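Visitor: Take this structure first; my questions come after.
There are 2 protein chains.
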Amino acid sequence: MGFSSRYVQLHGNPLFSQLTAEEQDRLKERAEILSLARGDYIYQQGDVARYFGFVLSGSLKLYRLTQDGQEKVFRILNTGDQLAEGMLFSIHAIYHFTAMAVENTEVLLFPLEEYREVILGNSELSLALLSTLAQMEQDSLETLEILSFKKSIDRVVRYLVGRALSSCSRCMAPKFELPATKRLIASQLSIQPETLSRVLNQLERKGLLLLEGRQICILDLEKLLTHE
Amino acid sequence: MGFSSRYVQLHGNPLFSQLTAEEQDRLKERAEILSLARGDYIYQQGDVARYFGFVLSGSLKLYRLTQDGQEKVFRILNTGDQLAEGMLFSIHAIYHFTAMAVENTEVLLFPLEEYREVILGNSELSLALLSTLAQMEQDSLETLEILSFKKSIDRVVRYLVGRALSSCSRCMAPKFELPATKRLIASQLSIQPETLSRVLNQLERKGLLLLEGRQICILDLEKLLTHE
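Dropping the structure here:
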C-alpha cells in the first residue's frame, strides 16, 4: 500500500496531499511514527526544532508556561492537522511551545530539513504553506482580538460566533463541535473553566444556544452578537 | 536612478531587496505612491484586499473596531516595514484591519496579484515571505502570551523584556526605543494609557529602568523579570 493511501486522514491537508509520489517516497525513508499516551510530549518549549509533522489520530495541546508557572494553551491540534509549520522557515528554529498529548495520539514526523527541501522543489507545496501560514496568522489575530475583551462573556461569545460563522455562514441554526474540552478552551480564552461553563449555561438559559456535551447549536446568532 | 536605489529605506526588507532588476522594472509600471496625513487611511477593515506595499516614511497603525466600538491596535508599522503580507496568499483576501497613518506617511503600493506573480517566479522571494510570515506568527503569539497576563504590570514587563532581549541579548544595559507612542502601545497591551505610564514610572522608581521619552534603558533585567 502506498505511503499516501495509508494516511487517508491527511488527505484534506494540502501540506500532505500536494506531495508528489516521488516526494512521498523520499520522505517515507525518514518518517517516524510516534505513539503518545495522555501527558506524553513530542517536544518542549525551548528545544531546538527538529521535526515537522502531522497528527494521525488523537489530539495535542500546544502550550507555554508563563512567568508564574501557569500553563497557557495556544492551540489545539486534532487529526489531520500539521505540527510546527512555523518552524519550517523560521530563522531561529526553536520550538515556542510544548506539544503534549491530551489523549492517546499518533503523529507522523519528518525531519525538518528534509521536508523543507521538498518544499523548495515543489511550488504547489510552497504555496500551500504560504496560505497555511497566512491562515495561522489570521487565527492568532482572532484570538488576540478575543483576549482584548475584558469581560469573560464577551470572550466566550466572540469565540462562539467565530466558530459558528466558519462552520456555516448561512444556516439558520449553526451547529458545531467544540474542538477540545472546555478546560482547554477556557485556557485559550484565558478564563477559568468554571467561568466558561457558567457563561455557556447562562447563554443557554437565555435561549441563545443549546449545549449537548461538546456539541453547540446556536439558536439566535443575532441576539448572541448583541448580548448584554 | 534605478527603482531600487530610490528606496534605500527598504533595502533591509528582504521582500523588497530580493526583487531582481527585471522584477523591479515590472512592478515599477504598476507602483503607486500614496502620501497620507495623520488620520488618513489606506484601506479599511472588510475591504477587498488590492494592495501589497511598504512604508517609505512615517508610521501606520493597524486596528480593528471591537464589538463595543473600541479601537484595538494590533500592529504598528514604521519605515521599511511591509504592509498586508498576510493577504498575498490568503484564501479570502479581505483586509482584517484598517490601516491608518499616525503621522505624515508615505507608502509604496503594488497591486496584490502583480506582486504575487513575481513571488511565484522567484524562489528567494518566496522564502523571504515564508520566513516573514513565520516571524509575524511568532510576534502574534508573543502578544497573545502578553495578553494572557491579568495584571497590567505583568503585561508591561513581558513587553519590555521581549523588546530588550531582541534589541541586545548580551548587553548589560539593553536600551531601545519604543516603536510607537505610549498611547498606541497601551492599546496593543489592552491597558489604559495612564496605566502604562504609571507602571513605567513605578519600575523607574524601583531602579529597574530609565525613561527618556520613548528611549528605555533596562538597568536590571533580572530584577525586572522577577518583579513583584
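Residue numbers (UniProt numbering), protein chains in the order written: chain C, 1 to 228; chain D, 1 to 228.
Glycine included, C-beta positions come from ideal geometry on N, C-alpha and C.
Note that the structure is a prediction, hence the values are computed from the model and not measured.
If the cut is a Cβ gap below 8 Å, which residues of chain C does residue 297/D touch?
Guide: The requested residue 297/D is not part of the displayed model; chain D covers only 1 to 228.
Visitor: By the three-class DSSP mapping on this structure, what secondary structure does residue 170/D have?
Guide: Any reading at residue 170/D needs caution, since the residue's pLDDT is 49, under 50, leaving its predicted position unreliable; the model's value is listed next. It is coil, neither helix nor strand.
Visitor: For residue 78/D, which of 187/D, 227/D, 180/D has the nearest alpha-carbon?
Guide: 180/D
Visitor: Given this structure, state the Cα-to-Cα distance separating residue 118/D from residue 23/D, to the nearest angstrom.
Guide: A direct Cα-to-Cα measurement between residue 118/D and residue 23/D gives close to 7 Å.
Visitor: With distances taken from CA atoms, which of 134/C, 213/C, 66/C is nearest residue 150/D?
Guide: 66/C
Visitor: Grab the span of the alpha helix (DSSP H) containing residue 119/C for me, first residue to last.
Guide: 112 to 120
Visitor: Taking the C-alpha atoms as reference points, what is the distance between residue 132/D and residue 204/C?
Guide: 43 Å
Visitor: If we require 3 or more residues per run, which beta strand (DSSP E) segments fall completely within the stretch 93 to 157 of chain D?
Guide: Unbroken beta strand (DSSP E) runs of no fewer than 3 residues, entirely contained in the stretch 93 to 157 of chain D, are found at 98 to 101, 105 to 111, following chain order.
Visitor: Can you confirm whether residue 126/C, when its beta carbon is compared against all beta carbons of chain D, has any partner nearer than 7 Å?
Guide: Yes, residue 126/C lies at the interface with chain D (some Cβ there is under 7 Å from its Cβ).
Visitor: What does a CB cutoff of less than 7 Å around residue 191/C pick up in its chain, not counting 5 residues either side in sequence?
Guide: 152, 155
Visitor: Quick check on DSSP: helix, strand or coil for residue 59/D?
Guide: Residue 59/D: strand per DSSP, three-state reduction.
Visitor: Give me the chain D residues within the contact set of residue 58/C, using Cβ-Cβ distance strictly less than 8 Å, ordered along the chain.
Guide: Result: empty, since nearest Cβ-Cβ is about 23 Å, beyond 8 Å.
Visitor: Kindly list the residues whose CB is nearer than 6 Å to the CB of residue 4/C, restricted to its own chain and excluding five residues on each side of it in sequence; keep chain order.
Guide: 24
Visitor: In angstroms, rounded to a whole number, what distance separates the CA positions of residue 176/C and residue 163/C?
Guide: Cα-Cα distance, rounded: 7 Å.
Visitor: Mapping the DSSP letters down to three states, classify residue 78/D as helix, strand or coil.
Guide: strand
Visitor: Rounded to the nearest angstrom, how far is the Cβ of residue 224/C from that of residue 209/C, given a contact under 8 Å?
Guide: 7 Å
Visitor: Out of 62/D, 17/D, 120/D, 50/D, which one is the CA nearest neighbour of residue 40/D?
Guide: 62/D
Visitor: Give the interface partners of residue 141/D over in chain C, defined as CB-CB distance under 8 Å, in chain order.
Guide: 74, 96, 140
Visitor: Taking C-beta to C-beta, are residue 18/D and residue 125/D nearer than 7 Å?
Guide: yes
Visitor: Interface residues of chain C around residue 86/D at Cβ under 8 Å?
Guide: 134, 137, 138
Visitor: Whether or not the stretch 78 to 91 of chain C and the stretch 141 to 150 of chain C are in contact is what I'm after, with contact meaning three or more pairs of Cβ atoms, one per stretch, closer than 8 Å; do they touch?
Guide: no
Visitor: Counting only the same chain and skipping the five closest in sequence on each side, list residues whose C-beta sits under 7 Å from that of residue 157/C.
Guide: For residue 157/C, where only same-chain residues beyond five positions count, the Cβ hits under 7 Å are 224, 227.
Visitor: Step through the CB atoms of chain D and report whether any lies within less than 7 Å of the CB of residue 16/C.
Guide: no
Visitor: Any beta-carbon of chain D closer than 7 Å to the one on residue 89/C?
Guide: yes
Visitor: Quick check on residue 70/D: does DSSP put it in helix, strand or coil?
Guide: coil
Visitor: What residues match up with residue 51/C in a beta bridge as DSSP calls it?
Guide: 111/C
Visitor: Can you give me the Cβ contacts of residue 48/C inside the same chain, cut-off strictly under 7 Å, excluding the 5 residues immediately before and after it?
Guide: 93, 94
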